[in-house]
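S.K.: After the structure tokens below, expect a handful of questions from me.
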Amino acid sequence: VLAMVSLPDFNPNADEKRFSADQANRMMSGVYELGSVIKAATFAMALDYGVTDLDGRWDARHPLVIGKAVINDYHPERRVLTVPEVFIHSSNIGTARMALAVGLERHIAFLRRVGLFDRVVTELPESARPLLPKRWSKLAQATASFGHGFAVQPLQGISVVAGLLNGGNLIPPTFIKRARAEADVLAKRIVKPETSEALRYLFRLNAQEGTATKANVIGYRVGGKTGTAEKIVDGRYSKTKNLTSFIGAFPMDEPRYAILLMLDEPKATPETHGFATSGWNAVPAAARVIERIAPILDVAPMFSDEDRARLAKEAKLRNGEG
């Protein structure tokens, strides 16, 4: 882990130190529903088990009804979707159908395999345990597939996604620099290399055409997955308070760095056209971070013809020519 920030923090030099629960290291001491970010694990599971491939098609024409519950999409397409379309439109219906096709026992086994049932232990003292469904019913499985009713440490979430994207090897996170050989000894194979390659394709496509387009930093081949989760307030899901998140990686042709950015109760603004979902706040914030840190991390930019045209257009606008 190269950097980790949890805000608000405190000033150790202040004469009066007033601590609150909000100042805890929430990246490790708390667990949160990451929403659709968890779909990355569901897609990897379905691909790895061979339930689908990138050419697969899933019916999202109608809401998915399980008992008295109705699962719908935030922006319904109301048509049969290809696997890439399920991903870039972040379809709860399509994702849940894939999970149900895998089956409950194999779903639970996969979540255990990638480490989402365990606490993440590092050199720091904080280590919260995931909150999992008390009873794994068909409905619990379906909603867990898109991150509802399933809460994990933020550091745990990004560690699992990094393992899914790096070729399929889960490596325990550390705050102390270690050699590649040592990391390789600790690594655990969680998905096939071809599954990881397919997930990298979906992450990159999502930044180019899907819910994470505002993370598409020119030159750095960013990919990612968005998540918007309703917060639990007084034991109930709130319809007005959200937790938004974005997990990304770059450069996606050969990922070297992963990033997770979360916002607690972001507000809709005129600039976001009244939306408070991840694509309008966590994603552009993460893009600004990547723009600053990628050159420092010695990630060389690569510019396509489309990138050059976009840069030229932005330069004209800055100069008042367009």
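Here the sequence shown is numbered in the working numbering, starting from 431 and rising by one per residue.
Glycine included, each C-beta is placed from N, C-alpha and C at the ideal position.
Can you tell me which of the three DSSP states Lys746 falls into?
M.R.: Note: Lys746 maps to helix in three-state DSSP.
S.K.: Would you kindly report the start and end of the unbroken beta strand (DSSP E) that includes Met692?
M.R.: Per DSSP, Met692 belongs to the beta strand (DSSP E) from 687–694.
S.K.: Where in the segment 552–623 do unbroken runs of the alpha helix (DSSP H), each at least 4 residues long, occur, reported from the N-terminal end onward?
M.R.: 568–574, 584–595, 610–616
S.K.: If I measure Cβ to Cβ from Ala617 and keep anything under 6 Å in the same chain, skipping five residues before and after, which residues do I get?
M.R.: Asn599, Ile601
S.K.: Roughly how far, in whole angstroms, is the beta-carbon of Ala712 from the beta-carbon of Met692, given that I think they are within contact range, below 8 Å?
M.R.: Contact holds; Cβ gap of about 7 Å.
S.K.: Return the residue from the list Leu534, Pro714, Ala679 that minimises the CA-CA distance to Ala572.
M.R.: Leu534
S.K.: Rounded to a whole number of angstroms, what is the C-alpha to C-alpha distance between Ala715 and Phe517?
M.R.: Approximately 21 Å, taken between the alpha carbons.
S.K.: When the Cα atoms are used, what is the spatial distance from Leu379 to Leu432?
M.R.: Here the chain covers residues 431 to 752 and nothing more, so residue 379 does not appear.
S.K.: Using three-state DSSP, classify Arg666 as helix, strand or coil.
M.R.: strand
S.K.: Within the 8 Å Cβ cut-off, does Asp503 reach chain B?
M.R.: The structure shown contains no chain B, having only a single protein chain.
S.K.: Name the two residues that bound the continuous beta strand (DSSP E) containing Val510.
M.R.: 510–512
S.K.: At which residues does the alpha helix (DSSP H) containing Val532 begin and terminate?
M.R.: 522–532
S.K.: Using the Cβ count rule (16 or more neighbours within 10 Å means buried), how would you classify Ala609?
M.R.: exposed
S.K.: Based on the DSSP output, what are the partners of Glu660 in its beta bridges?
M.R.: Asn672
S.K.: With the cut-off set at 8 Å, would you say Leu594 and Ala688 are in Cβ contact?
M.R.: no
S.K.: Starting from Ile720, trace the alpha helix (DSSP H) both ways and give me its first and last residue.
M.R.: 712–726
S.K.: Could you have a look at Asp489 and say whether DSSP puts it in helix, strand or coil?
M.R.: strand
S.K.: Are the beta-carbon atoms belonging to Gly653 and Ala637 less than 8 Å from one another?
M.R.: yes
S.K.: Per DSSP, Glu535 is paired with what?
M.R.: Its beta-bridge partners do not exist; DSSP assigns none.
S.K.: Under 8 Å, do Gly465 and Ala613 count as touching if we go by C-beta distance?
M.R.: no
S.K.: Identify, in the order they occur along the chain, each residue of the same chain with its Cβ nearer than 6 Å to the Cβ of Arg543, setting aside the five sequence neighbours on each side.
M.R.: Taken in chain order, the residues that qualify are Ile620.
S.K.: Going by C-alpha distance, which of Phe540, Ala628, Ile496 is nearest Ile523?
M.R.: Ile496
S.K.: Would you report the Cα separation of Lys671 and His492, rounded to the nearest angstrom?
M.R.: Cα to Cα, Lys671 sits roughly 27 Å from His492.
S.K.: Check whether the segment 482–491 and the segment 581–595 are in contact - that is, three or more C-beta pairs closer than 8 Å.
M.R.: In short, these stretches do not touch, since the Cβ pair count stays below three.
S.K.: Going by other Cβ atoms of all chains shown within 10 Å of its Cβ, with 16 needed for buried, is Lys469 buried or exposed?
M.R.: It is buried - the Cβ of Lys469 has at least 16 other Cβ atoms within 10 Å.
S.K.: From this set, Lys743, Pro696, Asp478, which residue's C-alpha is nearest Arg536's C-alpha?
M.R.: Of the listed residues, the one whose Cα sits closest to Arg536 is Asp478.
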